[in-house]
Amino acid sequence: MGFMDKFRHELVDIVEWIDDPQHTLVWRFPRYRNEIKHGAKLIVRPGQVAVLVSEGRIADSFEPGTHTLTTKNLPLLRTILSWPYGFESPFKSEVYFVCTRQITGLKWGTPNPIMLRDADFGPIRLRAFGTYNLRCTDAKVLLEQLVGTDGVYETDEVNELVRSVVASSFADVLGSSNVAALDLASKYQELAELVRQRVASQLGSGYGLDMPALFIVNVSLPEEVEKALDARSSIGVLGDMGRYQQYQMGKAMVEAAQNPGGGGAAEGMGMGMGFAMAQQMANQMAQRGAGPAASGGLPPPPPGAAAAVWFLAEQGSSFGPFTPAQLGELAAQGRLRGDSPVWRSGFTDWRVAAEVPEVGALLGPPPAP
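Take the sequence shown: its letter number 251 is residue 250 in numbering that gives the first Met the number 0, and every next letter is one higher.
See the structure below:
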């Protein structure tokens, strides 16, 4: 410190803390060689407590207000120093300002998952996080137990300690509550109050701190369990998965058929979905005991088909339904030939494609000999 700083501190006789950051718990007043003039003014604002420390011992503490530092109101300090240089001599003493208002928005969380036995899922791991408020209730205990000689003591320095106490208390409360994992959301407020009481008891007795409020923001399951729950919920909402798949395939097939100019990708998708739906229908009929017909190895005509759709038989299985445009695509691909069996509503049995005029027109002229 330069000469001007030393001279400036010799003239200053007001001790106060104006710049109060949001998350500062303790701030030490800077003074050259810690010398405080006899009769100096000590200004303590609301939400603060001033503590005088001399020769490593806590001498006096001051509540909010304006105080004059003289021998009359410093009996403890007078006993410690014995005032060897006269009653109006400067004395060396450190002044600590301690924040007593609530510091809000501090975060807590479980560093590791909590192992529990759940009624629905069995052994399970849970994580939790939330926020809490912190406040100093005993400045002397806080200085003695945590601050020491630190000039500035932030909440970050005590946050690790508090989060450990919160995580431990939360695990105890959650384990003894026997609340199912799926019901925890309705118990956040109740569980948070139980945790807060446990933490406040430990902090108050050992560190001079209090926790006026604690909030549980979320209790989460492992990611794989959440995905399984999402899948289970989706199945429950959809109901019959077989009907839902048929609906999706039929919808995609109709959209592809209604958009013939959409490119080969859309048409191929429509035919693919049609083939998949036909295969599914064939599997369902096989499960009901309806196999290929004994005569000619052809399957029985599909019941209940619309008059505008066609079915094609290949290797003892039926495929469809197909629109006339899709039959034209099959003919171009070589799957629909003149001897291919086809069927639509109104037919009593399968017919050869070449013998059906509307299908034969899709085959084109016969190849030249």
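Using N, Cα and C, we set each Cβ at its ideal position, and we do this for glycine too.
Note that this is a predicted model, so its numbers are computed, not measured.
Met210 is not a Cβ neighbour of Val194, given a cutoff of 7 Å. By the Cβ neighbour-count rule, Arg116 is exposed, with fewer than 16 other Cβ atoms within 10 Å of its own. Boundaries for Ser60: no alpha helix (DSSP H) harbours it, while the beta strand (DSSP E) harbouring it runs Arg56 to Phe61, taken from the DSSP string. Of Lys106, Val52, Thr99 and Thr65, the smallest CA-CA separation from Lys91 is found for Val52. About 25 Å separates the beta carbon of Leu41 from that of Thr154, a gap too long to meet the 8 Å contact definition. The three-state reading of DSSP puts Arg162 in helix, counting H, G and I together. For Gly64, the CB contacts under 7 Å within the same chain, skipping 5 residues up- and downstream, are Val43 in chain order. The beta carbon of Gly104 lies closer than 7 Å to those of Thr130 in the same chain, with the five residues before and after it left out. Every beta strand (DSSP E) of 3 residues or more that sits fully in the region 83-160 is shown, in chain order, as 93-98, 102-108, 113-117, 121-135 and 151-153. Ser168 and Leu190 have their C-alpha atoms spaced approximately 10 Å apart. A direct Cα-to-Cα measurement between Ala330 and Glu313 gives close to 14 Å.
For the pair Asp12 and Ala39, the CB atoms are nearer than the 7 Å cut-off. Within the DSSP bridge table, the entry for Lys40 names Ile13 and Thr67 as partners. A direct Cα-Cα distance of roughly 16 Å separates Glu354 from Pro323.
Under DSSP, Arg27 forms a beta bridge with Tyr95. If you look at Val178, you'll find it isn't in any alpha helix (DSSP H); DSSP assigns it neither H nor E.
Just measuring C-alpha positions, the residue of Leu362, Leu160 and Gly315 sitting nearest Leu335 is Leu362. Look at Pro211 here: in three-state DSSP terms it is strand.
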